[in-house]
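Novice: So the sequence shown is numbered by the working numbering: it starts at 402 and just counts up by one.
C-beta atoms are modelled at their ideal positions from N, C-alpha and C, and glycine is treated no differently.
Being a predicted model, the structure only gives us computed values, none of them experimental.
Okay, here's the structure, questions in a sec.
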Amino acid sequence: FDEHRAGGRQPEESPRRANSKNTNVRRFTLWQSWSQEPNGFEREYVVRSPKNDLQSWPITILFHGNGGSAEPMIRNWDRTLPNHILVSAQGYEKSWNITKERSKAPDVEFVEMILRDVTSHYPQADDSKVSLIGSSNGAGMVYRLLIELDDTYSIQNALAFVSSMTVSQYHDEQFWKRTDETTSNYDQPVEPSGKRRIITIHGSADSVVPYYGGRGPGGIHLSAQDTAYVWATVQGYRGDQRPDNEGKPCGAKLLMYDYPQSGVTHIKVIDGGHGLGPAAAPLKPLLMKMLGW
């Protein structure tokens with residue numbers, strides 16, 4: 402979670418630097434063209450595979466925050482998920498195209514291309530078991546994928562850290578996507594495909610993406626708890642929204658808001674900022690237990 406300590410910024414580093422300590426890390430590029438790169442552009446993603454390639458492994462795709470890079474996300478999750486094929490995608494201009502970012506790239510298409518490419522390079526990659534993990538702007542990308550990917554892709558789990566959906570993505574009791582990805586105009590209603598295990602994590606003192614909703618880098622955001630409730634209802638929950646004061650303690654400064662049968666859980670980090678702070682340490686083992694990883 403170090404990425405969030407400066408609002409998603411990472412120190413500049415060479416985009417071709419490899420992690421020499423891990424021989425199972427490889428870089429791949431895919432060719433895309435769009436309005437910002439009409440002549441085409443090589444987009445990069447990084448893969449760390451388990452050393453045992455004689456059995457199949459689930460795929461987990463990682464999305465960095467605005468200003469971040471792909472490789473640090475691999476390092477952040479390397480020891481936590483040793484039995485996953487970790488795929489870390491690099492956003493164009495170090496961002497993901499949600500609304501007002503520098504990137505206007507076709508990022509959903511990019512992820513679809515990555516999934517096809519990964520399985521061609523790694524026969525042991527099980528594309529029926531795909532998970533998404535995103536932080537900040539990367540969490541916004543996770544929400545985009547949950548909304549916009551069709552059932553061709555078997556997304557089982559999603560972890561969204563320190564960001565909520567924007568009111569562009571969900572309003573009038575309807576999810577939305579854009580006809581033209583180079584704009585901020587979410588003009589096309591869409592029904593999310595399938596049912597996923599979704600866990601959202603957000604700090605109550607976040608000054609970048611406000612926990613209780615409001616203006617953030619991507620425009621106006623829903624509150625963290627409203628975001629979870631929306632996903633719970635679309636995935637079958639029929640009860641009332643959990644009141645803010647009824648979160649169940651699940652760790653030091655951690656409160657859980659769970660929606661049974663829907664597969665959706667929200668975790669509030671009390672006094673957590675955009676980097677979550679000291680509560681980040683116990684979060685990973687809690688999440689691994691919740692997901693059965």
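I need the DSSP call for Asp645, collapsed to helix, strand or coil.
Specialist: If you number the sequence shown from 1, residue 645 lands on position 244. Looking at Asp645 - three-state DSSP - the assignment turns out to be helix.
Novice: Can you round the beta-carbon distance between Gln589 and Thr580 to whole angstroms, since I take them to be within the 8 Å contact cut?
Specialist: Position 188 of the sequence shown, counting from 1, holds the residue named residue 589. Position 179 of the sequence shown, counting from 1, holds the residue named residue 580. At roughly 5 Å, the Cβ-Cβ gap stays under 8 Å, so Gln589 and Thr580 are in contact.
Novice: Go ahead and label Ala682 buried or exposed: buried means 16 or more other beta carbons lie within 10 angstroms of its beta carbon, across all protein chains shown.
Specialist: Indexing the sequence shown from 1 puts residue 682 at position 281. Looking at its Cβ environment, which holds fewer than 16 other Cβ atoms inside 10 Å, Ala682 is exposed.
Novice: Report all residues from its chain with a CB closer than 6 Å to the CB of Ile600; omit the five preceding and five following residues, and keep chain order.
Specialist: The residue labelled residue 600 in the question sits at position 199 within the sequence shown. Same-chain partners within the cutoff: Leu560 and Thr666.
Novice: Using CA atoms only, rank isn't needed, just tell me which of Gly637, Ser450, Tyr446 and Asn538 is closest to His675.
Specialist: The residue you call residue 675 lines up with position 274 of the sequence shown. Selected option, being the one with the closest Cα: Asn538.
Novice: Taking all protein chains shown into account, decide if Trp432 is buried (16 or more other Cβ within 10 angstroms of its Cβ) or exposed.
Specialist: Here the question's residue 432 lines up with position 31 in the sequence shown. The residue in question, Trp432, is exposed, as its Cβ has fewer than 16 Cβ neighbours within 10 Å.
Novice: Just the C-alpha distance for Gly697 and Ile671, rounded to the nearest angstrom, thanks.
Specialist: This structure gives no information on residue 697, because the portion of the chain shown stretches from 402 to 694.
Novice: Measure the CB-CB distance between Gly619 and Gly541 and report whether it falls below 7 Å.
Specialist: Position 218 of the sequence shown, counted from the first residue, corresponds to residue 619. Position 140 of the sequence shown, counted from the first residue, corresponds to residue 541. Cβ atoms of Gly619 and Gly541: closer than 7 Å.
Novice: Counting Cβ pairs, one atom from each stretch, are 3 or more of them under 8 Å apart for the stretch 540-554 and the stretch 471-487?
Specialist: no
Novice: Buried or exposed for Gly637, please, with buried defined as at least 16 other CB atoms from any protein chain shown within 10 angstroms of its CB.
Specialist: On the sequence shown, residue 637 is found 236 positions in, with the first residue counted as 1. Result: exposed.
Novice: Can you tell which of Asp508, Arg427, Tyr544 and Pro451 has its C-alpha closest to the C-alpha of Phe442?
Specialist: As a position in the sequence shown, residue 442 is number 41, starting the count at 1. It is Asp508.
Novice: Going by C-alpha distance, which of Val631, Pro524, Tyr544 and Arg444 is nearest Leu533?
Specialist: The residue you call residue 533 lines up with position 132 of the sequence shown. When only C-alpha atoms are compared, the closest one is Tyr544.
Novice: Report the rounded CA-to-CA distance for Phe511 versus Pro593, giving the unit in angstroms.
Specialist: Mapped onto the sequence shown, residue 511 falls at position 110. Mapped onto the sequence shown, residue 593 falls at position 192. Looking at the two C-alpha atoms, the distance is approximately 19 Å.
Novice: Give me the DSSP bridge partner(s) of Arg444.
Specialist: Reading the sequence shown from its first residue, position 43 is the one you call residue 444. Beta-bridge pairing links Arg444 to Leu431.
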